[in-house]
Amino acid sequence: MMKKFSKHTPEQIVAKLEQADKLKAEGKTNGEVARELQVSEATLSRWRRTYGNMDRHEAKALKKLREENEKLKALLGQSELEKAALRELAGGKLLSPARRYDAVAHLITLGFSQRCACRLAGLSRSTYNRTKKLENQPDNARQTDKYADLRVWMHRFADTHRRWGYRRGWRKATQAGYAVGRDAFRRLWRQEGLRVYPRKATKRTLPVDPVPRTEPARRPNDVWALDFQFDSDYHGKAIKICNGIDEYTREHFAFRVDRSITATQVIEMLDIAVLERGVPRVMRMDNGPEFIARALRDWVDEQQAVAAFIPPGQPWHNGFVESFHNRLRDELLEDNLFEDTHQARYAITWWSHRYNHQHPHSALEYHSPSDYARMWEEQNTPVAA
Numbered sequence: 001m002m003k004k005f006s007k008h009t010p011e012q013i014v015a016k017l018e019q020a021d022k023l024k025a026e027g028k029t030n031g032e033v034a035r036e037l038q039v040s041e042a043t044l045s046r047w048r049r050t051y052g053n054m055d056r057h058e059a060k061a062l063k064k065l066r067e068e069n070e071k072l073k074a075l076l077g078q079s080e081l082e083k084a085a086l087r088e089l090a091g092g093k094l095l096s097p098a099r100r101y102d103a104v105a106h107l108i109t110l111g112f113s114q115r116c117a118c119r120l121a122g123l124s125r126s127t128y129n130r131t132k133k134l135e136n137q138p139d140n141a142r143q144t145d146k147y148a149d150l151r152v153w154m155h156r157f158a159d160t161h162r163r164w165g166y167r168r169g170w171r172k173a174t175q176a177g178y179a180v181g182r183d184a185f186r187r188l189w190r191q192e193g194l195r196v197y198p199r200k201a202t203k204r205t206l207p208v209d210p211v212p213r214t215e216p217a218r219r220p221n222d223v224w225a226l227d228f229q230f231d232s233d234y235h236g237k238a239i240k241i242c243n244g245i246d247e248y249t250r251e252h253f254a255f256r257v258d259r260s261i262t263a264t265q266v267i268e269m270l271d272i273a274v275l276e277r278g279v280p281r282v283m284r285m286d287n288g289p290e291f292i293a294r295a296l297r298d299w300v301d302e303q304q305a306v307a308a309f310i311p312p313g314q315p316w317h318n319g320f321v322e323s324f325h326n327r328l329r330d331e332l333l334e335d336n337l338f339e340d341t342h343q344a345r346y347a348i349t350w351w352s353h354r355y356n357h358q359h360p361h362s363a364l365e366y367h368s369p370s371d372y373a374r375m376w377e378e379q380n381t382p383v384a385a
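This note's numbering puts the sequence shown at residues 1 to 385.
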């Protein structure tokens, strides 16, 4: 009785063929050789056709080649499955965790394993299983949202401070009495869809070795930065704005709004500022015709101040006021279309007050400019004996 069928490796087949050759040399027939090797004559004949001219090393190499081919076929099949899965999810990018979770659930219904589906959707298995467990809980077993009041506050805050991000929002929330960490606030802020995206701006290539800033501010009212900003009203007419910034406290201490502004009008604006704040040590300006005018130069000399003109065509040397212009445009000018200069002047007055007294400035440890100036005065005012 023949032995039960078993699969032979290429090395075993070559060894049995060598044994068969020895038996044939002894004068045995094909049937006797097949019975001796415990295989059928057809199998022995097939082995000779496939492995007859091989030695054991060649058979081993053939076995290895076949194994590699099988692996390649498996990988190719898996790759095709993954391509089909990605085509199934081609409705858009999976940016949010909710979309990734839905994608995993959909792939599982198509027959993919959870491990493969999570890998294709870019979602960890632990996150998927935890979310699935929470969804399967009954409503009365789910935890109540302890941040419900904070979420309502976030939306009210974002309605009145549309261009403020989560950092300033978190600062105001803690001042309002909400006990929440910055990371948790950031997560809730994004869950509520309140993320503020920066407006697109053309990148400016800086010189390889930029000129260092000169005359840095050492205290409040030490260096004033002046510059012009332009906008247009509802009728398409130009609106010109002259802004003055204290470089140390970032206070917006003066501005003028008109169709055109001359050097004389700039002097009038500065006269009022000097009466309120005193004379600065340095006034930083660009080389605009209003600033290089003889009248303004004479006024600066009379005040015994220094006019620091930045290099022509290099506005980044007046970076504080340029940064302020960007914020003014982002939070006010881009969102409003003024009827005339009177309406623009009123809106900028309101916005300037909010900026000076409420805006948490990142460079001032998230204090408002006026609060920072007050704190500096308290810390540096000598106590009377």
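Yeah, the Cβ is synthetic: ideal placement off N, Cα and C, and Gly gets one too.
Apply the 10 Å Cβ neighbour rule to Pro216 and answer buried if 16 or more other Cβ atoms are within range, or exposed otherwise. Position 216 of the sequence shown holds residue 216. Pro216 should be labelled exposed.
How long is the line joining the alpha carbons of Tyr147 and Arg199, rounded to whole angstroms? Here residue 147 corresponds to residue number 147 of the sequence shown, with the count starting at 1. Here residue 199 corresponds to residue number 199 of the sequence shown, with the count starting at 1. In this structure, the CA atom of Tyr147 is about 30 Å from the CA atom of Arg199.
So, with DSSP's three-state summary, where would you put Gln229? On the sequence shown, residue 229 is found 229 positions in, with the first residue counted as 1. Secondary structure of Gln229 (DSSP, three-state): strand.
Inter-residue Cα distance where the pair is His367 and Cys116: Within the sequence shown, residue 367 is the residue found at index 367, counting from 1. Within the sequence shown, residue 116 is the residue found at index 116, counting from 1. Approximately 49 Å, taken between the alpha carbons.
Quick check: the Cα distance between Asn221 and Gly169, rounded to an integer number of angstroms? Taking the sequence shown and counting its residues from 1, one reaches residue 221 at position 221. Taking the sequence shown and counting its residues from 1, one reaches residue 169 at position 169. So the alpha carbons of these two residues sit roughly 29 Å apart.
CA nearest to the CA of His161, picked from His359, Ser370, Trp376 and Arg374: As a position in the sequence shown, residue 161 is number 161, starting the count at 1. It is His359 whose Cα lies nearest to the Cα of His161.
Look at the Cβ atom of Val282, then the Cβ atom of Ala263, and state whether they are nearer than 8 Å. Here residue 282 corresponds to residue number 282 of the sequence shown, with the count starting at 1. Here residue 263 corresponds to residue number 263 of the sequence shown, with the count starting at 1. Not a contact, by the Cβ cut-off of 8 Å.
Would you check if the distance between the CB atom of Phe157 and the CB atom of Glu247 is smaller than 8 Å? Position 157 of the sequence shown, counted from the first residue, corresponds to residue 157. Position 247 of the sequence shown, counted from the first residue, corresponds to residue 247. No, the pair does not count as a contact, with Cβ atoms beyond the cut-off.
Thinking just about the alpha-carbon of each residue, which of Pro315, Tyr355 and Asp21 is nearest to the one in Ala225? Along the sequence shown, read from residue 1 onward, the residue named residue 225 stands at position 225. Nearest C-alpha to Ala225 among Pro315, Tyr355 and Asp21: Pro315.
Hey, is the stretch 320-339 in contact with the stretch 173-186, meaning 3+ C-beta pairs nearer than 8 Å? The stretch 320-339 and the stretch 173-186 do not touch, with fewer than 3 CB-CB distances between them shorter than 8 Å.
Bridge partners for Lys240 per DSSP, in chain order? Here residue 240 refers to the residue found at position 240 when the sequence shown is read from its first residue. Phe230 and Asp258.
What's the C-alpha gap between Ile245 and Ala273? Here residue 245 corresponds to residue number 245 of the sequence shown, with the count starting at 1. Here residue 273 corresponds to residue number 273 of the sequence shown, with the count starting at 1. Ile245 and Ala273 have their C-alpha atoms spaced approximately 11 Å apart.
Using the Cα positions of Ser124 and Val104, report the straight-line distance between them to the nearest angstrom. As a first step, residue 124 must be located in the sequence shown, where it is residue number 124. As a first step, residue 104 must be located in the sequence shown, where it is residue number 104. Roughly 10 Å between the two C-alpha positions.
When the Cα atoms are used, what is the spatial distance from Leu328 to Asn380? As a first step, residue 328 is located in the sequence shown; it is residue number 328 there, counting from the start. As a first step, residue 380 is located in the sequence shown; it is residue number 380 there, counting from the start. One C-alpha to the other measures close to 31 Å.
Only counting the same chain, and skipping five residues up and downstream in sequence, which positions put a Cβ closer than 6 Å to that of Ala293? Here the question's residue 293 lines up with position 293 in the sequence shown. Cβ neighbours of Ala293 beyond the five flanking positions: Ala263.
Could you compute how far the alpha carbon of Thr249 sits from the alpha carbon of Ala363? Translated into positions along the sequence shown, residue 249 becomes position 249. Translated into positions along the sequence shown, residue 363 becomes position 363. Between the C-alpha atoms of Thr249 and Ala363 there is a straight-line separation of about 9 Å.
Looking at Phe253: is its Cβ nearer than 8 Å to the Cβ of Cys242? Numbered from its first residue, the sequence shown carries residue 253 at position 253. Numbered from its first residue, the sequence shown carries residue 242 at position 242. 8 Å or more divides the Cβ of Phe253 from the Cβ of Cys242.
Local Cβ density within 10 Å of Trp299, reported as buried at 16 or more and exposed below that: Indexing the sequence shown from 1 puts residue 299 at position 299. Its Cβ being crowded by 16 or more others within 10 Å, Trp299 is buried.
For His353 and Ala176, the rounded distance between their alpha carbons: Walking along the sequence shown from the start, residue 176 turns up at place 176. Walking along the sequence shown from the start, residue 353 turns up at place 353. Ala176 and His353: Cα-Cα distance of roughly 20 Å.
Three-state secondary structure (DSSP) of Trp189: On the sequence shown, residue 189 is found 189 positions in, with the first residue counted as 1. Three-state DSSP puts Trp189 in a helix.
So if DSSP puts Met285 in a beta bridge, which residue, or which two residues, is it bridged to? Taking the sequence shown and counting its residues from 1, one reaches residue 285 at position 285. Among the bridge pairs identified by DSSP, Met285 is matched with Phe309.
Beta-carbon separation of Asn30 and Leu44 under 8 Å? Counting from 1 along the sequence shown, the entry for residue 30 is found at position 30. Counting from 1 along the sequence shown, the entry for residue 44 is found at position 44. The Cβ atoms of Asn30 and Leu44 lie closer than 8 Å to each other.
Determine, using beta carbons only, whether Pro280 and Ala305 come nearer to each other than 8 Å. Numbered from 1 along the sequence shown, position 280 holds the residue referred to as residue 280. Numbered from 1 along the sequence shown, position 305 holds the residue referred to as residue 305. Pro280 places its beta carbon less than 8 Å from that of Ala305.
Close beta carbons around Ile267, own chain, < 8 Å, minus the five adjacent residues each side: Taking the first residue of the sequence shown as 1, we reach residue 267 at position 267. Answer for Ile267: Ala295, Leu296 and Trp299, listed in chain order.
Cβ shell of Glu331 (< 6 Å), same chain only, five flanking positions each side left out: Within the sequence shown, numbered from 1, the residue matching residue 331 stands at position 331. Contacts found: Arg163.
How many Å lie between Ile261 and Phe230 at the Cα? To locate residue 261, count along the sequence shown from 1; it is residue 261. To locate residue 230, count along the sequence shown from 1; it is residue 230. Distance between the alpha carbons of Ile261 and Phe230 is about 11 Å.
In this structure, does DSSP put Ile245 in helix, strand or coil? Locating residue 245 in the sequence shown gives position 245, counting from the first residue. Reduced to three states, the DSSP call for Ile245 is strand.
Using the beta-carbon count (16 or more within 10 Å), is Pro207 buried or exposed? Counted from its first residue, the sequence shown places residue 207 at position 207. Bear in mind that a pLDDT of 42 at Pro207, under 50, signals an unreliable position, so the model cannot answer this.
Could you tell me the alpha carbon to alpha carbon distance between Gln191 and Glu378, rounded to whole angstroms? Start at 1 with the first residue of the sequence shown, and residue 191 comes out as number 191. Start at 1 with the first residue of the sequence shown, and residue 378 comes out as number 378. Each residue's Cα considered, the two are about 41 Å apart.
Using CA coordinates, which residue listed in Met375, Asn356 and Ser126 is at the minimum distance from Pro369? As a working mapping, residue 369 is identified with position 369 in the sequence shown. With respect to the C-alpha of Pro369, the residue from Met375, Asn356 and Ser126 having the closest C-alpha is Asn356.
Can Val257 and Arg345 be called in contact, C-beta distance under 8 Å? The residue given as residue 257 occupies position 257 in the sequence shown. The residue given as residue 345 occupies position 345 in the sequence shown. It is a contact, given that the beta carbons lie within the stated cut-off.
Alpha carbon to alpha carbon, how far is Tyr166 from Gln114? Give it in angstroms, no decimals. Position 114 of the sequence shown, counted from the first residue, corresponds to residue 114. Position 166 of the sequence shown, counted from the first residue, corresponds to residue 166. Linking Gln114 to Tyr166 through their CA atoms gives a straight-line distance of about 35 Å.
Apply the 10 Å Cβ neighbour rule to Trp189 and answer buried if 16 or more other Cβ atoms are within range, or exposed otherwise. As a working note, residue 189 is residue 189 in the sequence shown. Trp189 counts as buried, since at least 16 other C-beta atoms from the protein chains shown sit within 10 angstroms of its C-beta.
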